[in-house]
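Structure first, commentary second.
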Amino acid sequence: MKKIFVVLIIFCVLFQTNSFAQKIENIRIKKLADKLNIVYDLTHEKPGQQFDVKLYCSVDGGQSYTIEPYSVSGDIGSEIYGGKDKLIRWDVLKDQKRLISEKVVFKLVGTPSKIKNQTDYAENFNFELIDCYKRDQTIVCALKITNNGKERDLKAINRLARIYDFKGTRIESNVSKLGRIAGNDRYSVPTLTFLPDQTEIAIFQFNVPPGFTNRLKLIEFGFEFLTITYGLDYKKGNIEFRDISLANPVKAVTAELISDATSISMGPDIYKNTDKKAPVLTFTNPVLEIGKPYISKIEDLAVLGKINDDSGIYEFTINGMDVTVNDDDSFKADVFLAEGNNNIFVRTTDIFQNNFEGTYQIIFKPEKKDQRQASLKNKSDANKEVEESSKEGKYYALLLGVNTYNDPEIVNLEKPYQDAEKLYANLIKYYTFEPANVRLLKNPTHEDIIAEFDRLNKTIREKDNLLIFYAGHGFWDSEDEIGYWLPSDAKQSNTANWIRNSTIRDYLKAVKTKHTLLIADACFSGGIFKSRVTFAEAPKSIQNRYEVPSRKAMTSGSIEEVPDKSVFMLYLNKRLEENTKDLISAEELFSSLKAAVQNNGPSIPLYGEIKDTGDEGGDFVFVRRMK
Numbered sequence: 004m005k006k007i008f009v010v011l012i013i014f015c016v017l018f019q020t021n022s023f024a025q026k027i028e029n030i031r032i033k034k035l036a037d038k039l040n041i042v043y044d045l046t047h048e049k050p051g052q053q054f055d056v057k058l059y060c061s062v063d064g065g066q067s068y069t070i071e072p073y074s075v076s077g078d079i080g081s082e083i084y085g086g087k088d089k090l091i092r093w094d095v096l097k098d099q100k101r102l103i104s105e106k107v108v109f110k111l112v113g114t115p116s117k118i119k120n121q122t123d124y125a126e127n128f129n130f131e132l133i134d135c136y137k138r139d140q141t142i143v144c145a146l147k148i149t150n151n152g153k154e155r156d157l158k159a160i161n162r163l164a165r166i167y168d169f170k171g172t173r174i175e176s177n178v179s180k181l182g183r184i185a186g187n188d189r190y191s192v193p194t195l196t197f198l199p200d201q202t203e204i205a206i207f208q209f210n211v212p213p214g215f216t217n218r219l220k221l222i223e224f225g226f227e228f229l230t231i232t233y234g235l236d237y238k239k240g241n242i243e244f245r246d247i248s249l250a251n252p253v254k255a256v257t258a259e260l261i262s263d264a265t266s267i268s269m270g271p272d273i274y275k276n277t278d279k280k281a282p283v284l285t286f287t288n289p290v291l292e293i294g295k296p297y298i299s300k301i302e303d304l305a306v307l308g309k310i311n312d313d314s315g316i317y318e319f320t321i322n323g324m325d326v327t328v329n330d331d332d333s334f335k336a337d338v339f340l341a342e343g344n345n346n347i348f349v350r351t352t353d354i355f356q357n358n359f360e361g362t363y364q365i366i367f368k369p370e371k372k373d374q375r376q377a378s379l380k381n382k383s384d385a386n387k388e389v390e391e392s393s394k395e396g397k398y399y400a401l402l403l404g405v406n407t408y409n410d411p412e413i414v415n416l417e418k419p420y421q422d423a424e425k426l427y428a429n430l431i432k433y434y435t436f437e438p439a440n441v442r443l444l445k446n447p448t449h450e451d452i453i454a455e456f457d458r459l460n461k462t463i464r465e466k467d468n469l470l471i472f473y474a475g476h477g478f479w480d481s482e483d484e485i486g487y488w489l490p491s492d493a494k495q496s497n498t499a500n501w502i503r504n505s506t507i508r509d510y511l512k513a514v515k516t517k518h519t520l521l522i523a524d525a526c527f528s529g530g531i532f533k534s535r536v537t538f539a540e541a542p543k544s545i546q547n548r549y550e551v552p553s554r555k556a557m558t559s560g561s562i563e564e565v566p567d568k569s570v571f572m573l574y575l576n577k578r579l580e581e582n583t584k585d586l587i588s589a590e591e592l593f594s595s596l597k598a599a600v601q602n603n604g605p606s607i608p609l610y611g612e613i614k615d616t617g618d619e620g621g622d623f624v625f626v627r628r629m630k
């Protein structure tokens with residue numbers, strides 16, 4: 004079996020090239036008040052390929068491109084990775100007094116630059132995705148693994164090596180190789196001793212059905228780390244890579260695409276927010292109504308409908324996936340159904356951020372059962388399992404708001420404590436946080452915060468869930484790459500009472516919870532992340548997210564300053580109030596507010612794993628109180 008495996012891998016590596024070429028496709032122009040969002044896909048690139056992306060605008064149907072947007076942010080400029088749903092935000096009225104034309108056309112140009120492979124790390128091991136490709140019904144992923152720590156054993160777990168497409172289909176690896184150690188079935192655990200600074204190649208093979216996608220939304224790998232000293236030091240690690248192309252073009256080429264002409268009317272006297280009505284959504288075929296289950300005999304169900312709104316639709320999603328709304332307000336979407344009850348969650352937002360959301364029920368009763376359908380868990384039952392499981396543990400929260408500083412050299416803030424109070428009210432009113440388990444501190448000192456961390460460490464059990472919120476000043480030391488929180492007794496002249504990000508991570512690691520979510524609304528709060536953060540909702544079920552432990556963070560910005568009046572907290576609290584889902588994961592919550600924050604403020608919010616604190620790939624789940 005080992006010889007056959009080696010021959011297969013060598014064959015794939017030698018003949019993996021194909022005729023695909025990079026291309027930009029599926030440009031979508033979305034209006035949001037006086038801003039434009041240009042969404043596009045940059046696909047068929049070699050994994051790790053980066054691009055220089057430029058945007059041009061024409062008002063005469065593409066005959067000339069006289070407008071070059073300057074007030075832009077997002078996926079534009081240098082070092083842009085390929086991927087789906089790349090987003091450029093253009094603050095139009097900063098560049099133009101007005102933009103009025105029925106023939107507005109955009110041209111996007113992506114010029115290949117360097118290749119920079121995605122990396123992740125855990126427990127002083129660095130993991131680099133050096134190749135990933137598809138040949139017939141086989142996908143092969145290759146990792147370069149380097150031990151940057153002491154000697155230890157690394158275990159690669161085949162059944163925890165998984166790929167996901169953009170429909171949520173999951174495939175597990177059944178063949179792998181770690182260095183010279185092969186594992187040729189689903190339950191194999193190839194194990195290798197790594198010396199300090201040793202590097203090895205790991206290869207995982209996935210067998211996929213015909214017609215499987217040429218792009219992966221998520222690849223995840225589960226590893227175990229073992230060190231034998233006077234006892235056994237045993238750790239788990241979850242490694243993730245996202246939005247991976249399976250194409251392998253012979254040559255990197257410039258990609259270009261021109262959008263269809265669209266009518267745009269923008270000016271200081273045009274966009275006045277007088278619309279307060281939510282969009283009206285109607286499913287016409289089949290006719291779906293909230294509270295009335297629809298029975299389908301088709302597994303891949305096409306749903307048609309219309310959305311009416313006085314101002315225009317900014318975004319429409321079904322189960323988190325973007326759906327195009329046509330000029331005549333109609334839409335068509337394909338919904339994949341599992342046997343039994345399926346909850347179809349929809350959300351639509353207009354250009355003034357009025358939104359409608361609701362859950363429709365479809366019951367799939369196949370005429371003929373197949374193995375795949377029988378293996379899928381009923382979604383309603385899965386939700387019930389999460390609700391029952393969450394009852395076994397309590398929901399705790401520590402909310403910290405620092406408005407006033409003792410040191411006159413540090414500027415006081417107006418909003419942090421008010422934001423913390425609002426979050427407190429939402430958690431205890433709408434979600435399963437009991438008041439006795441939520442601690443709200445105004446202007447806490449260094450000692451107050453550390454004492455609360457110690458209290459939580461003694462109080463919380465492994466089945467409990469913990470949310471920590473901090474709003475106040477933050478600081479990033481760019482020379483030493485160290486981030487800090489500034490409690491109320493912090494002094495500008497020295498860091499004695501400042502709290503390092505590394506200290507926060509140590510406490511998050513020490514508190515043994517099921518799930519921990521850190522929400523930070525402070526300048527330079529993105530420094531808590533020590534690896535690439537997520538950018539889109541992961542294709543996992545709510546049950547899978549809750550079952551696996553997690554340590555995640557949501558921050559109002561990256562390594563940058565953020566305003567005192569927090570747009571991030573405005574939309575976070577707004578989403579918590581408006582949410583109608585019984586269960587919503589932290590990543591779903593973040594995905595639903597990210598665009599609004601980016602379009603209404605200067606900062607780009609982040610969400611991701613806090614490394615080396617015990618995250619195993621799950622997610623914090625908010626459970627809404629029963630009415």
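Residue numbers (our numbering): 4 to 630.
Even glycine gets a Cβ: it sits at the ideal position worked out from N, Cα and C.
From a predicted model like this one, the values you see are computed outputs, not experimental measurements.
- Message: Does V650 come out as helix, strand or coil in the three-state DSSP assignment?
- Response: Outside the displayed range of the chain (4 to 630) lies residue 650, so it cannot be described from this structure.
- Message: Please return the same chain residues whose Cβ sits closer than 6 angstroms to the Cβ of E259, not counting the five positions on each side in sequence.
- Response: On the sequence shown, position 256 is the one that residue 259 refers to. So the list reads V112, once near-sequence residues are dropped.
- Query: Just the Cα atoms here: how many angstroms apart are D331 and D63?
  - Reply: Within the sequence shown, residue 331 is the residue found at index 328, counting from 1. Within the sequence shown, residue 63 is the residue found at index 60, counting from 1. Distance between the alpha carbons of D331 and D63: 23 angstroms.
- Query: Would P72 be called buried (16 or more neighbouring beta carbons within 10 Å of its own) or exposed?
  - Reply: As a first step, residue 72 must be located in the sequence shown, where it is residue number 69. Buried: at least 16 other Cβ atoms inside 10 Å.
- Message: Quick check on this structure: which residue in L511, L586, S491, I184 has the alpha carbon closest to the alpha carbon of G361?
- Response: Within the sequence shown, the letter at position 358 stands for residue 361. The shortest Cα separation from G361 among L511, L586, S491, I184 belongs to L586.
- Query: Near D615, which residues of its chain fall below 8 angstroms by C-beta distance, leaving aside the five closest residues on each side in sequence?
  - Reply: Taking the first residue of the sequence shown as position 1, residue 615 is located at position 612. Cβ neighbours of D615 beyond the five flanking positions: A125, E126, R508, K512, K533.
- Compute the distance between the beta-carbons of K517 and E465, then report whether it is under 8 angstroms. The residue given as residue 517 occupies position 514 in the sequence shown. The residue given as residue 465 occupies position 462 in the sequence shown. Yes, the Cβ-Cβ distance between K517 and E465 is below 8 angstroms.
- Item | Residues sharing a beta bridge with G404, DSSP | Looking up residue 404 in the sequence shown gives position 401. Paired residue(s): K445, A474.
- In this structure, does DSSP put R31 in helix, strand or coil? The sequence position of residue 31 within the sequence shown is 28, counting from 1. Note: R31 maps to strand in three-state DSSP.
- Please state if the CB of R554 and the CB of D622 are separated by a distance shorter than 8 angstroms. Translated into the one-based positions of the sequence shown, residue 622 becomes position 619. Translated into the one-based positions of the sequence shown, residue 554 becomes position 551. Cβ atoms of D622 and R554: not closer than 8 angstroms.
- Test item: CB-CB of I316 and I347 under 8 angstroms: Residue numbering aside, residue 316 sits at position 313 when the sequence shown is read from its first letter. Residue numbering aside, residue 347 sits at position 344 when the sequence shown is read from its first letter. Against a cut-off of 8 angstroms, the Cβ pair of I347 and I316 comes out as no contact.
- Does DSSP classify Q140 as helix, strand or coil? Your numbering for residue 140 matches position 137 in the sequence shown. DSSP, read as helix, strand or coil, puts Q140 in coil.
- Give every residue of the same chain whose Cβ lies closer than 6 angstroms to the Cβ of S81, excluding the five residues on either side of it in the sequence, and list them in chain order. As a first step, residue 81 must be located in the sequence shown, where it is residue number 78. Cβ neighbours of S81 beyond the five flanking positions: D55.
- Message: If we require 4 or more residues per run, which alpha helix (DSSP H) segments fall completely within the region 500-531?
- Response: Listed in chain order, the alpha helix (DSSP H) runs fully inside the region 500-531 are 504-513, counting runs of at least 4 residues.
- As assigned by DSSP and simplified to three states, the class of V565: Here residue 565 refers to the residue found at position 562 of the sequence shown. Reliability fails at V565, whose pLDDT of 49 lies under 50, so the model's placement of it is uncertain and no value is given.
- Name the residue from A428, K279, N288, T435 whose alpha carbon lies nearest to the alpha carbon of I354. For the purposes of this step, residue 354 is taken as the residue at position 351 of the sequence shown. Nearest neighbour of I354 by Cα position, chosen from A428, K279, N288, T435, turns out to be K279.
- Task: Report yes if the CB atom of N344 is closer than 8 angstroms to the CB atom of N406, and no otherwise.
- Result: Taking the sequence shown and counting its residues from 1, the one referred to as residue 344 is at position 341. Taking the sequence shown and counting its residues from 1, the one referred to as residue 406 is at position 403. No; because the gap between Cβ atoms is not below 8 angstroms, this pair is not in contact.
- Query: Based on the DSSP secondary-structure assignment, which residues constitute the bridge partners of S179?
  - Reply: On the sequence shown, residue 179 is found 176 positions in, with the first residue counted as 1. BP columns for S179 point to G186, F207.
- Message: Less than 7 angstroms between C-beta atoms, sequence neighbours within five positions excluded: which residues of the same chain meet that for R578?
- Response: As a working note, residue 578 is residue 575 in the sequence shown. If you ignore the 5 residues before and after R578, its C-beta comes within less than 7 angstroms of the C-beta of L592, S595, L596, all in its own chain and listed in chain order.
- Task: Mind listing, in chain order, the continuous alpha helix (DSSP H) runs of no fewer than 4 residues lying wholly within the region 549-612?
- Result: Runs of the alpha helix (DSSP H) inside the region 549-612: 570-581, 589-603.
- Cβ-based neighbour list, F571, same chain, cut-off 6 angstroms, excluding 5 preceding and 5 following: For the purposes of this step, residue 571 is taken as residue 568 along the sequence shown, with counting starting at 1. Listed in chain order, the non-local C-beta contacts of F571 below 6 angstroms within the same chain comprise D524, S559, V600, P608, local neighbours out to five positions each way being set aside.
- Host alpha helix (DSSP H) of L430 (start-end): Within the sequence shown, the letter at position 427 stands for residue 430. Element bounds for L430: 419-433.
- Message: Need the endpoints of the beta strand (DSSP E) that K38 sits in, please.
- Response: Residue 38 sits at position 35 when you count from the first residue of the sequence shown. Residue range 38-46 is occupied by the beta strand (DSSP E) that includes K38.
- Residue range of the unbroken beta strand (DSSP E) whose run includes Y68: In the sequence shown, residue 68 corresponds to position 65, counting from 1. From DSSP, Y68 is part of no beta strand (DSSP E); its letter is neither H nor E.
- Message: With the cut-off set at 8 angstroms, would you say L45 and V95 are in Cβ contact?
- Response: Here residue 45 refers to the residue found at position 42 of the sequence shown. Here residue 95 refers to the residue found at position 92 of the sequence shown. No.
- For T1, which of helix, strand or coil comes out of DSSP? As shown, the chain starts at 4 and ends at 630. That puts residue 1 outside it, with no answer to give.
- In this structure, does DSSP put N129 in helix, strand or coil? Position 126 of the sequence shown, counted from the first residue, corresponds to residue 129. It is a strand residue.
- Count the CB pairs spanning the region 284-295 and the region 261-275 that are closer than 8 angstroms, and state whether there are at least three. No: the two stretches stay apart, fewer than three of their Cβ pairs being nearer than 8 angstroms.
- Message: So, under 8 angstroms CB-CB, R92 and S76 are touching, yes? Tell me the CB distance rounded to an integer number of Å.
- Response: Looking up residue 92 in the sequence shown gives position 89. Looking up residue 76 in the sequence shown gives position 73. Between S76 and R92 the Cβ distance is about 5 angstroms, and since that is below 8 angstroms, they are a contact.
- Query: When DSSP builds the beta bridges, which residues end up paired with T352?
  - Reply: Along the sequence shown, one-based indexing puts residue 352 at 349. E318, N358, per the DSSP bridge assignment.
- Query: Between the C-alpha atoms of N120 and G214, what's the straight-line distance to the nearest angstrom?
  - Reply: Position 117 of the sequence shown, counted from the first residue, corresponds to residue 120. Position 211 of the sequence shown, counted from the first residue, corresponds to residue 214. Going by the C-alpha atoms only, they are around 26 angstroms apart.
- Proximity winner among W479, H476, L459, relative to L470 (alpha-carbon distances): Working through the sequence shown from its first residue, we reach residue 470 at position 467. Taking L470 as reference, the option from W479, H476, L459 with the minimal CA-CA separation is L459.
- Item | Chain-order list of residues whose beta-carbon lies under 6 angstroms from that of S74 (same chain, five-residue window excluded) | As a working mapping, residue 74 is identified with position 71 in the sequence shown. Cβ neighbours of S74 beyond the five flanking positions: D94, K97, D98.
- Item | Delimiting residues of the beta strand (DSSP E) encompassing G486 | The residue labelled residue 486 in the question sits at position 483 within the sequence shown. Segment 485-488, the beta strand (DSSP E) holding G486.
- Message: Quick check: what's the CA-CA separation for P212 versus Q140?
- Response: Locating residue 212 in the sequence shown gives position 209, counting from the first residue. Locating residue 140 in the sequence shown gives position 137, counting from the first residue. Looking at the backbone, the Cα of P212 and that of Q140 are separated by about 6 angstroms.
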